[in-house]
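Residue numbers (this note's numbering), protein chains in the order written: chain A, -15 to 129; chain B, 38 to 148. From the three backbone atoms N, C-alpha and C, an ideal C-beta is built for every residue, glycine too. Below is one structure, written out as structure tokens; the observations come after it.
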Amino acid sequence: MAVVELEIPARPAYLSLVRLVVDAAVGSLAPGLNGTRLDDLKLAVTEACSNAIEAHHSAWSDAPVMVRCELDDNTVTVEVVDRGGGFDPNGLKTLPAATDPLRLRHESGLGIPLMRTLTDELQFSPGLDGTTVRLTVYGARAVAG
Amino acid sequence: MQLRTDVSSLDGWTVVSVYGELDVASAPELREQLIELVSQGSHLLVLDLEGLDFLDSTGLGAIISALKRARTNGGDLRLVCTQSRIRRLFEITALDKAFPLYDSPDAAIRG
Chain A
-15 MAVVELEIPA RPAYLSLVRL VVDAAVGSLA PGLNGTRLDD LKLAVTEACS NAIEAHHSAW
45 SDAPVMVRCE LDDNTVTVEV VDRGGGFDPN GLKTLPAATD PLRLRHESGL GIPLMRTLTD
105 ELQFSPGLDG TTVRLTVYGA RAVAG
Chain B
38 MQLRTDVSSL DGWTVVSVYG ELDVASAPEL REQLIELVSQ GSHLLVLDLE GLDFLDSTGL
98 GAIISALKRA RTNGGDLRLV CTQSRIRRLF EITALDKAFP LYDSPDAAIR G
């Protein structure tokens, strides 16, 4: 298993860099993960990093956000570690159905449901000094096998 | 620049073509631009996403915001999107039920 680590300042401008690094790391080290699954991973990691950056802003934290990728041929796990205030993913409000006109009142709250849909495994580990989100996506052969 | 937009007119509709990446870094800029267009009287909007390389939930939020403002003013916002990876995001979130996705600006204004 290979490990690629990246620390970014907690600012939105660095999200595209995270996607570039994930893309390059997966392309070199996890060739079984491509196409739609790689797109899924990049989107899920972006959502996790966006939440991490928001948590840092809420906590007035200057600390960097850490992104750690563990890669093998067919499986990629990305950990996003923030130093925000921590949060309870089970405390999220349930959104109205998309066909409900009230749904359009909600412009946010889509990120975590998206992460759940796009990943094969998703784990939140809230702590006193931040939250670690662990996202795993399998390549085609791993799913089939 | 992460995000670029071009604005044009088509049969009374304002077409906003979006290029680049739409995430939390760029969504506020697009949100403000669309709000500005609606407040200036452009209540019929087509948002052309064919040049978009990336879209996340914050970008979706900006689009929802613009749709609400357009409809509040008696108008509408319609989306052009044929890219499967962008369409997939609308399908996963079931927002394709709220936003019909069209193949071209012409198809969008015809409804």
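Handout entry: Proximity of Thr109 (chain B) and Leu74 (chain B) at Cβ, strictly below 9 Å
Key = Not a contact, by the Cβ cut-off of 9 Å.
Handout entry: Minimum Cβ-Cβ distance from Gln70 (chain B) to chain A less than 9 Å
Key = Gln70 (chain B) does not count as touching chain A.
Exercise for the section: Could you have a look at Thr101 (chain A) and say whether DSSP puts it in helix, strand or coil? Expected result: Note: Thr101 (chain A) maps to helix in three-state DSSP.
Problem - Val6 (chain A) (DSSP reduced to helix, strand or coil) - result: Val6 (chain A) carries a helical assignment under DSSP once its states are collapsed to helix, strand and coil.
Practice task
Kindly say whether Asp23 (chain A), judged by its beta-carbon, lies nearer than 9 Å to any beta-carbon of chain B.
Solution key: True, the Cβ-Cβ gap to chain B drops below 9 Å.
Exercise for the section: Compute the beta-carbon to beta-carbon distance between Thr30 (chain A) and Leu55 (chain A), rounded to the nearest angstrom, for a pair I have assumed lies under 8 Å. Expected result: Your pair Thr30 (chain A) and Leu55 (chain A) does not check out as a contact, with CB atoms roughly 18 Å apart and the cut at 8 Å.
Problem - chain A contact for Gly148 (chain B) (CB, 9 Å cutoff) - result: So no, Gly148 (chain B) is outside the interface.
Exercise for the section: Can you check DSSP and say which residues form a bridge with Glu58 (chain B)? Expected result: In the DSSP output, where bridge partners are listed per residue, Glu58 (chain B) has B:Phe91.
Handout entry: Arg115 (chain B) - DSSP class collapsed to helix/strand/coil
Key = Residue state, collapsed to three classes: strand.
Practice task
Could you name the residues of the segment -14 to 6 of chain A whose beta carbon sits closer than 9 Å to any beta carbon of chain B, in the order they occur along the chain?
Solution key: So the list reads Arg(-5), Pro(-4), Ala(-3), Tyr(-2), Leu(-1), Ser0, Arg3, given in the order they occur along the chain.
Problem - Closer than 9 Å to chain B by CB, Thr120 (chain A) - result: No, Thr120 (chain A) does not count as interfacial toward chain B.
Problem - Under 7 Å (Cβ pairs) to chain B, residues found in the segment 24 to 36 of chain A - result: Result list: Leu27, Thr30, Glu31, Ser34.
Problem - Short Cβ contact (9 Å threshold) for Leu119 (chain A) with Leu98 (chain A) - result: No. Outside cutoff.
Problem - Near-chain A residues of the segment 93 to 120 of chain B - C-beta to any C-beta below 7 Å - result: Per Cβ criterion, the list reads Asp93, Ser94, Thr95, Leu97, Gly98, Ile101, Ser102, Leu104, Lys105.
Exercise for the section: May I have the straight-line CA-CA distance separating Thr103 (chain A) from Ala32 (chain A), to the nearest angstrom? Expected result: Each residue's Cα considered, the two are about 12 Å apart.
Practice task
Out of A:Arg(-5), A:Thr59, A:Ala36, A:Asp7, point me to the one whose CA is closest to Ala62 (chain B)'s CA.
Solution key: Comparing alpha carbon positions, the residue from A:Arg(-5), A:Thr59, A:Ala36, A:Asp7 closest to Ala62 (chain B) is A:Arg(-5).
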